[in-house]
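*Asks:* Once you've had a glance at the structure underneath, I'll fire off some questions.
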Ligand code: NDP
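Numbering (the UniProt record's numbering), first residue to last: 8 to 351.
Here you go:
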């Protein structure tokens, strides 16, 4: 069967497309321009009969996905602004929210063959916008980051960029759920949202140099690979002491499993490994044998130092409902550094 993947040229989406193709699916990848689809078509050249690309220039336009949804059995929706420069918060919120509800509207009108839609939300829509919690907390699918929405309302265009992104994901996921509720008697499909945290791992999308890495892999590169930047950042940066993360290949598998698993319909599912200290990634990188041949020595940090997890994401549902297994820090770090080494 055929799956529409939006934002198909992105970091996570490329792995979703790859996993789907490897499991016999056909894929229609939606991208913003013909040029954006070039790498996708080249990378999957051996699957030409199974992969088509469609251009959806502006996902906020009414009816933008009307053509793209026709004849597919499932949709994985990943197109959403992440680390973009913007002046007005609407530039982030609109594509996230209207891009999602518009897609659902198109699926309602023209997606008669659609059975399931998977929306890639985020733990950004789960964990409330407060840096420090007084006590260790385990966040679950019951939690919503409504605090980000309050801040957005209070501060408008002055809202910090991170919070704007978190609000965009929360609003988009809420809007999607509301759409399904409002149209439950008219739709042939159901909706599953997946909520991954910082997603890391080997990169197969179009990246030419570290500066073109997406936001999550930029964190990895700056902290775990670049010795100068890593020392500069220390434990003071965004996610300075560490964070919850998932391997991009596991996140991709979760998308396929969410499409295939009947009981996943209607669910909200956190996809996350344990909270991991920044130093644990650095130590894993330094413990690799043989050492990946990178152009500079790896950062050392403060070897063996530890930080207690300030919070965790309860991810048992992903194991129970999807049967998902998670790769280790060591495996993710090894494969990522081997990939970087191969690129020189
Ligand atoms: P990428 O930046 O690699 O990919 C984002 C995709 O969305 C690209 O195809 C991009 O297109 C498209 N996109 C961005 N802005 C717009 C817009 N205004 N209109 C149309 N398309 C747009 O990101 P990731 O692969 O990391 O993220 C994919 C999804 O996963 C997103 O929804 C993100 O919120 C979510 N996510 C990511 C996490 C992470 O750590 N990376 C964690 C949790 C969730 P183009 O290339 O043309 O800009």
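For glycine and all other residues, C-beta sits at the position ideal for the given N, C-alpha and C.
(1) Could you tell me the alpha carbon to alpha carbon distance between residue 76 and residue 95, rounded to whole angstroms?
(2) Classify residue 269: buried if its beta carbon has 16 or more other beta carbons within 10 angstroms, exposed otherwise.
(3) Alpha carbon to alpha carbon, what distance is there between residue 192 and residue 416?
(4) Is residue 242 near ligand 1, in the sense that its beta carbon is under 6 Å from a heavy atom of that ligand?
(5) From which residue to which residue does the beta strand (DSSP E) around residue 180 run?
(6) On a CA-only basis, which of 350, 46, 317, 235 is nearest residue 283? Give me that one, please.
(7) By DSSP, does residue 247 sit in helix, in strand, or in coil?
(8) Please tell me whether, using a cut-off of 6 Å, the distance from the CB of residue 100 to the nearest non-hydrogen atom of ligand 1 is below it.
(9) Any idea what DSSP makes of residue 226, helix, strand or coil?
(10) If you check the beta carbons only, do residue 201 and residue 131 fall under 7 Å apart?
(11) What did DSSP end up calling residue 123 once you bin it into helix, strand or coil?
(12) If you reduce the DSSP assignment to three classes, tell me which class residue 284 lands in.
(13) Buried or exposed for residue 37, please, with buried defined as at least 16 other CB atoms from any protein chain shown within 10 angstroms of its CB.
(14) Output the distance between the C-alpha atoms of residue 70 and residue 82, rounded to the nearest integer angstrom.
(15) So for residue 309, helix, strand or coil by DSSP?
(16) Express the C-alpha separation of residue 241 and residue 247 in angstroms, rounding to a whole number.
(17) Helix, strand or coil: which one does DSSP assign to residue 332?
(18) Suppose the cutoff is 6 Å on Cβ atoms and the five residues either side in sequence are ignored; what does the same chain contact list for residue 251 look like?
(19) I'd like to confirm the pairing. Which residues does DSSP put opposite residue 9 in its beta bridges?
(20) Residue 227: beta carbon under 6 Å from a heavy atom of ligand 1?
(21) Residue 245: beta carbon under 6 Å from a heavy atom of ligand 1?
(22) The alpha helix (DSSP H) spanning residue 156 covers which residue range?
(23) Rounded to the nearest angstrom, what separates residue 257 and residue 166 at their Cα positions?
(24) Expressed to the nearest angstrom, what Euclidean distance is found between the alpha-carbon atoms of residue 303 and residue 136?
(25) Report the residue from 207, 163, 125 whose alpha carbon sits nearest the alpha carbon of residue 19.
(26) Would you be able to state if there are at least three C-beta pairs under 8 Å between the region 18 to 32 and the region 59 to 69?
*Replies:* Taking the structure as given:
(1) Taking the first residue of the chain shown as position 1, residue 76 is located at position 69. Taking the first residue of the chain shown as position 1, residue 95 is located at position 88. One C-alpha to the other measures close to 30 Å.
(2) Indexing the chain shown from 1 puts residue 269 at position 262. The residue is exposed, with fewer than 16 neighbouring Cβ atoms inside 10 Å.
(3) Look at the range of the chain in this structure, 8 to 351, and you will see that residue 416 is not part of it.
(4) Walking along the chain shown from the start, residue 242 turns up at place 235. Residue 242 Cβ: outside cutoff for every heavy atom of ligand 1.
(5) The residue given as residue 180 occupies position 173 in the chain shown. Careful: residue 180 lies outside any beta strand (DSSP E), inside the alpha helix (DSSP H) at 168 to 189.
(6) Numbered from 1 along the chain shown, position 276 holds the residue referred to as residue 283. Out of 350, 46, 317, 235, 317 has the C-alpha closest to the C-alpha of residue 283.
(7) Working through the chain shown from its first residue, we reach residue 247 at position 240. It is coil, neither helix nor strand.
(8) Mapped onto the chain shown, residue 100 falls at position 93. Because no heavy atom of ligand 1 lies under 6 Å away, the Cβ of residue 100 does not count as near it: no.
(9) In the chain shown, the residue the question calls residue 226 occupies position 219. DSSP places residue 226 in helix when its eight states are reduced to three.
(10) Start at 1 with the first residue of the chain shown, and residue 201 comes out as number 194. Start at 1 with the first residue of the chain shown, and residue 131 comes out as number 124. No, the Cβ-Cβ distance between residue 201 and residue 131 is not below 7 Å.
(11) Within the chain shown, residue 123 is the residue found at index 116, counting from 1. Strand at residue 123.
(12) For the purposes of this step, residue 284 is taken as residue 277 along the chain shown, with counting starting at 1. It is a strand residue.
(13) Here residue 37 is taken as the residue at index 30 of the chain shown, counted from 1. Classification of residue 37: buried, given that the 10 Å Cβ count is 16 or more.
(14) For this step, residue 70 is matched to residue 63 along the chain shown. For this step, residue 82 is matched to residue 75 along the chain shown. Cα-Cα distance, rounded: 16 Å.
(15) Looking up residue 309 in the chain shown gives position 302. The answer is coil: DSSP assigns residue 309 none of H, G, I, E or B.
(16) To locate residue 247, count along the chain shown from 1; it is residue 240. To locate residue 241, count along the chain shown from 1; it is residue 234. If you take the alpha carbons of residue 247 and residue 241, they lie about 7 Å apart.
(17) The sequence position of residue 332 within the chain shown is 325, counting from 1. Coil.
(18) For the purposes of this step, residue 251 is taken as residue 244 along the chain shown, with counting starting at 1. Correct list, in chain order: 204, 279, 282, 320.
(19) Position 2 of the chain shown, counting from 1, holds the residue named residue 9. 33.
(20) As a first step, residue 227 is located in the chain shown; it is residue number 220 there, counting from the start. For ligand 1, not one heavy atom lies less than 6 Å from the Cβ of residue 227.
(21) Position 238 of the chain shown holds residue 245. No - ligand 1 has no heavy atom lying nearer than 6 Å to the Cβ of residue 245.
(22) Within the chain shown, residue 156 is the residue found at index 149, counting from 1. It spans 153 to 162 - the alpha helix (DSSP H) in which residue 156 sits, taken as one unbroken run.
(23) The count along the chain shown starts at 1 and reaches residue 257 at position 250. The count along the chain shown starts at 1 and reaches residue 166 at position 159. In a straight line, the C-alpha of residue 257 is about 32 Å away from that of residue 166.
(24) As a working note, residue 303 is residue 296 in the chain shown. As a working note, residue 136 is residue 129 in the chain shown. Approximately 36 Å, taken between the alpha carbons.
(25) Looking up residue 19 in the chain shown gives position 12. Of the candidates 207, 163, 125, the one whose C-alpha sits nearest the C-alpha of residue 19 is 207.
(26) no
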